[in-house]
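*Asks:*
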Amino acid sequence: DTAVSQTPKYLVTQMGNDKSIKCEQNLGHDTMYWYKQDSKKFLKIMFSYNNKELIINETVPNRFSPKSPDKAHLNLHINSLELGDSAVYFCASSSLGWGNTEAFFGQGTRLTVV
Amino acid sequence: QQPVQSPQAVILREGEDAVINCSSSKALYSVHWYRQKHGEAPVFLMILLKGGEQKGHEKISASFNEKKQQSSLYLTASQLSYSGTYFCGTGLGNQFYFGTGTSLTVIP
Numbered sequence: 420d421t422a423v424s425q426t427p428k429y430l431v432t433q434m435g436n437d438k439s440i441k442c443e444q445n446l447g448h449d450t451m452y453w454y455k456q457d458s459k460k461f462l463k464i465m466f467s468y469n470n471k472e473l474i475i476n477e478t479v480p481n482r483f484s485p486k487s488p489d490k491a492h493l494n495l496h497i498n499s500l501e502l503g504d505s506a507v508y509f510c511a512s513s514s515l516g517w518g519n520t521e522a523f524f525g526q527g528t529r530l531t532v533v
Numbered sequence: 008q009q010p011v012q013s014p015q016a017v018i019l020r021e022g023e024d025a026v027i028n029c030s031s032s033k034a035l036y037s038v039h040w041y042r043q044k045h046g047e048a049p050v051f052l053m054i055l056l057k058g059g060e061q062k063g064h065e066k067i068s069a070s071f072n073e074k075k076q077q078s079s080l081y082l083t084a085s086q087l088s089y090s091g092t093y094f095c096g097t098g099l100g101n102q103f104y105f106g107t108g109t110s111l112t113v114i115p
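Residue numbers (the numbering used here), protein chains in the order written: chain F, 420 to 533; chain Z, 8 to 115.
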């Protein structure tokens, strides 16, 4: 069974559209994250979320919003897509915070905005 | 806040050794190392904790200097399968920052 799964794997869409990326983990972890990896391969945290707290990276535009229907899911909604949003988006999870535990990543979603 | 890694890229022949460095401007409580192969997700290699405890990989080792806010990853007798981009990472609680990345290519 896949520990952290994301769908879709590829997403091509036009500027101005609204899209969602889904993420599910079956590890029983308390904390989930969204990362953006740009063309230079820099991995930047966008959000971290557990049952109690959402932490948002202040550089993330408010067009991006995480939605967590339950502990095992953290979806990413993006409104009014822009060309600069093209990147690979990774979902990850860990037990509690990063601290002493490893993180598990989904396979990534390559978003292309045309 | 992003840790800086060096070198940015390195090419090795099979069997050679490499060192990847990670330097942070902030205090390090723990350091993680991940490897990402092309087109795949980052995969955990190891965690180094304050006080010297190390958890992780069998064939790859690392050091953690808390005072200098630095960590180094040592790859010995490299194999073709070691190719990929290596990231250090550091954080506390719900915040985690990856380093700038080091591309490592092992050739026959």
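Don't be surprised by glycine CBs; every beta carbon is placed ideally from N, CA and C.
Nothing here was measured: the structure is a model prediction, and the numbers come from that model.
1. Mind listing, in chain order, the continuous alpha helix (DSSP H) runs of no fewer than 4 residues lying wholly within the region 445-509 of chain F?
2. Residues of chain F with CB closer than 8 Å to the CB of F51/Z, please, in chain order.
3. Which same chain residues end up closer than 6 Å to V394/F when comparing Cβ atoms and leaving out the 5 residues on each side of it in sequence?
4. Per DSSP, what kind of secondary structure is Y89/Z in: helix, strand or coil?
5. Label L87/Z either buried or exposed according to how many other C-beta atoms from any shown protein chain fall within 10 Å of its C-beta, with 16 as the threshold for buried.
6. Going by the beta-carbon positions, is the gap between T450/F and L515/F smaller than 8 Å?
7. Label Q444/F either buried or exposed according to how many other C-beta atoms from any shown protein chain fall within 10 Å of its C-beta, with 16 as the threshold for buried.
8. Does the separation of the CB atoms of A25/Z and V38/Z fall below 8 Å?
9. With distances taken Cα to Cα, identify the nearest neighbour of W453/F among T531/F, A522/F, V532/F and V533/F.
10. Could you check whether H496/F and S439/F sit closer than 8 Å to each other, using their CB atoms as the reference points?
11. Rounded to whole angstroms, what's the CA-CA distance from Q76/Z to L56/Z? Just pull it up for me.
12. Measure from the C-beta of I464/F to each C-beta in chain Z and report whether the shortest distance is under 8 Å.
13. Can you tell me the Cα-Cα spacing of G91/Z and H45/Z, whole angstroms?
14. At what residues does the beta strand (DSSP E) containing L52/Z begin and finish?
*Replies:* Taking the geometry as given:
1. Note on the region 445-509 of chain F: there is no whole alpha helix (DSSP H) run with a minimum of 4 residues.
2. Going along chain F in sequence order, the residues near F51/Z (Cβ under 8 Å) are E521, A522 and F523.
3. Given that chain F is displayed from residue 420 to residue 533, the structure contains no residue 394/F and the question cannot be resolved.
4. In the three-state reduction of the DSSP assignment, Y89/Z falls in the helix class, which pools H, G and I.
5. exposed
6. yes
7. buried
8. no
9. A522/F
10. yes
11. Straight-line Cα distance between these residues: approximately 12 Å.
12. yes
13. 7 Å
14. V50 to L56
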